[in-house]
Amino acid sequence: MTIDWSLPFWPAATLLAYLLCRTVYRRWPGWYVSPLLTTPLILLAIAVGLHATYGEYLRGSHVLMAMVGPLTVAFALPIYDQRAVIRRHWLPLSLGVMAGSLIAIGSGYGLARLLDLAPELRQSLLPRSVTMPFAMNVSGHVGGLPELTAVFVMVTGIIGAAVGDILLKLLPLRSSMARGALFGMGAHGAGVAKAREVGAEEGSVAGLVMILAGLANVAVAPVVITALG
Amino acid sequence: MTAHRLPLRLKAFLRRSRLAQLALIVGVWALGDAVSRGLDLPVPGGIIGMALMLALLMAHGLGPASIRRGADVLLADMLLFFVPAVMGLLDHGEFIGLLGLKLLAAILCGTLLVMAGTALTVETVQRLMARAELRHDH
Chain A
6 MTIDWSLPFW PAATLLAYLL CRTVYRRWPG WYVSPLLTTP LILLAIAVGL
56 HATYGEYLRG SHVLMAMVGP LTVAFALPIY DQRAVIRRHW LPLSLGVMAG
106 SLIAIGSGYG LARLLDLAPE LRQSLLPRSV TMPFAMNVSG HVGGLPELTA
156 VFVMVTGIIG AAVGDILLKL LPLRSSMARG ALFGMGAHGA GVAKAREVGA
206 EEGSVAGLVM ILAGLANVAV APVVITALG
Chain B
15 MTAHRLPLRL KAFLRRSRLA QLALIVGVWA LGDAVSRGLD LPVPGGIIGM
65 ALMLALLMAH GLGPASIRRG ADVLLADMLL FFVPAVMGLL DHGEFIGLLG
115 LKLLAAILCG TLLVMAGTAL TVETVQRLMA RAELRHDH
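Protein chains in written order, with the working numbering: chain A, 6 to 234; chain B, 15 to 152.
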């Protein structure tokens, strides 16, 4: 009996590469060594070397991807923990999230038109500012390709964490809520990590805004995106 | 008597076991997924599961300690679960080149707009509310 080693190979490689990149990131934190950037780079290099296709990679690794569903459920806990902040600041937060989501979808659509991108690329680009589990859910529903959206979300997080600092210096922001919302809305998970470096309150607001943005997009994005065609 | 004590024992077990908490979270997701598929809803199962979990927490049907350890496992290493999706790049060699640069430009400009717009909105609303409160006090 022969054992198909390719089945456990990719999930094991993914786990090992992730653990390695996480260790490096904890030692020398910086947006350019985010595990979300370095882990796929290592795995892509291996896959290109082995002439593996995405289908082969996914055959064993879809188990990891399937955890995105339960991960979404786990987000109920941070929302519950932040319920006092939500109750106190619901107006500026919800207006900020609404403005951010509309700008994200509108700018994605406009820029894609301007740069003459194909419709499926454009639709995949629209939910990019939302944290991954929500974005992939939305993308599939509006005619985008979830795995393309995943790539755009990753790039958005890395770019957002990098340019957020510059924006903080340029914009006249006095409130820690505004500074936190900037990172949570613009760069989701990577932004939350960055906002924690700016301050504790910024970090928790960023985490909250990230989740609210995800929820808002799941509810509103399909309607807006379908209306845009 | 056993019927009365069993839920208590179950609760105590849940508080201790990270694996049981993970199983509970996966179970709630599976329920949400079944609802989403069964009723053919446009909302994905994960979101329905999250709403269900949040409702359980808010109604005190479930204490936060009953899922915290399990949820932390998923939340702390969430980047790991996104890696397989990013590997979709393997089938998109066309991104190396002009198209990739265009996409990067779109994402960079879009992200700057989103960040500035969101932060300025929150800041403006807060200032307006503070001013309204001040006027109210006088």
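Backbone N, C-alpha and C fix where the C-beta goes; we use that ideal spot for every residue, glycine too.
- Cβ neighbours of residue 142(A) within its own chain (closer than 7 Å, five residues either side excluded): 223.
- Distance check between residue 24(B) and each of 116(B), 80(B) and 136(B) places 80(B) closest, using alpha-carbon atoms only.
- Annotation: residue 49(A) to residue 204(A) spans about 35 Å, alpha carbon to alpha carbon.
- DSSP places residue 30(B) within a helical segment (H, G or I) once states are collapsed to three.
- Residue 96(B) has a beta carbon lying within less than 7 Å of a beta carbon in chain A.
- Here residue 123(A) carries a coil assignment [DSSP, helix/strand/coil].
- In this structure, residue 132(A) sits near residue 154(A), with a CB-CB distance shorter than 7 Å.
- Chain-ordered, the chain A residues with CB closer than 7 Å to the CB of residue 82(B) read 82.
- Residue 228(A) has a beta carbon lying at 7 Å or more from every beta carbon in chain B.
- Looking at the backbone, the Cα of residue 117(B) and that of residue 110(A) are separated by about 15 Å.
- Its chain contains no residue whose beta carbon lies nearer than 6 Å to that of residue 124(B) once the 5 sequence neighbours on both sides are disregarded.
- Residues of chain A with a Cβ closer than 9 Å to the Cβ of residue 77(B) do not exist; the shortest Cβ-Cβ separation is about 10 Å.
- Excluding residues up to 5 positions away in sequence, nothing lies with its Cβ nearer than 6 Å to the Cβ of residue 37(A) in the same chain.
- Between the alpha carbons of residue 209(A) and residue 196(A) lies a distance of about 11 Å.
- Any Cβ of chain B closer than 7 Å to the Cβ of residue 43(A) would place that residue at the interface, and such an atom is absent.
- Pairing residue 127(B) with residue 27(B), the inter-Cα distance amounts to about 48 Å.
- Counting of Cβ neighbours within 10 angstroms places residue 58(A) among the exposed residues, the total staying below 16.
- Scanning 227(A), 116(A) and 202(A) for the CA closest to the CA of residue 34(A) turns up 202(A).
- When C-beta atoms of the segment 97-105 of chain A are compared with those of the segment 95-108 of chain B, fewer than three pairs fall below 8 Å, so the two segments do not count as touching.
- Between residue 218(A) and the set 231(A), 187(A), 232(A) and 151(A), the nearest pair of CA atoms involves 187(A).
- In this structure the segment 163-183 of chain A does not lie against the segment 30-44 of chain B, because fewer than three pairs of beta carbons, one per stretch, are closer than 8 Å.
- Within the segment 61-82 of chain A, those residues whose Cβ lies closer than 8 Å to any Cβ of chain B are, in chain order, 62, 63, 66, 67, 69, 70, 72, 73, 74, 75, 76, 77, 78, 79, 80, 81 and 82.
- Taking the CA atoms as reference points, residue 42(A) sits about 18 Å from residue 140(A).
- Following the DSSP letters along the chain, one finds residue 62(A) inside the alpha helix (DSSP H) bounded by residues 59-71.
- Along the segment 190-222 of chain A, the positions whose C-beta sits under 8 Å from a C-beta of chain B are 190, 191, 192, 194, 214 and 220, read in chain order.
- Its chain contains 42, 43 and 46 as the residues whose beta carbon lies nearer than 6 Å to that of residue 63(B), once the 5 sequence neighbours on both sides are disregarded; these appear in chain order.
- Identification of chain A residues near residue 131(B) by a Cβ-Cβ cut-off of 7 Å yields 104, 105 and 108, ordered along the chain.
- With a 10 Å radius around the Cβ and a threshold of 16 neighbouring Cβ atoms, residue 61(B) comes out buried.
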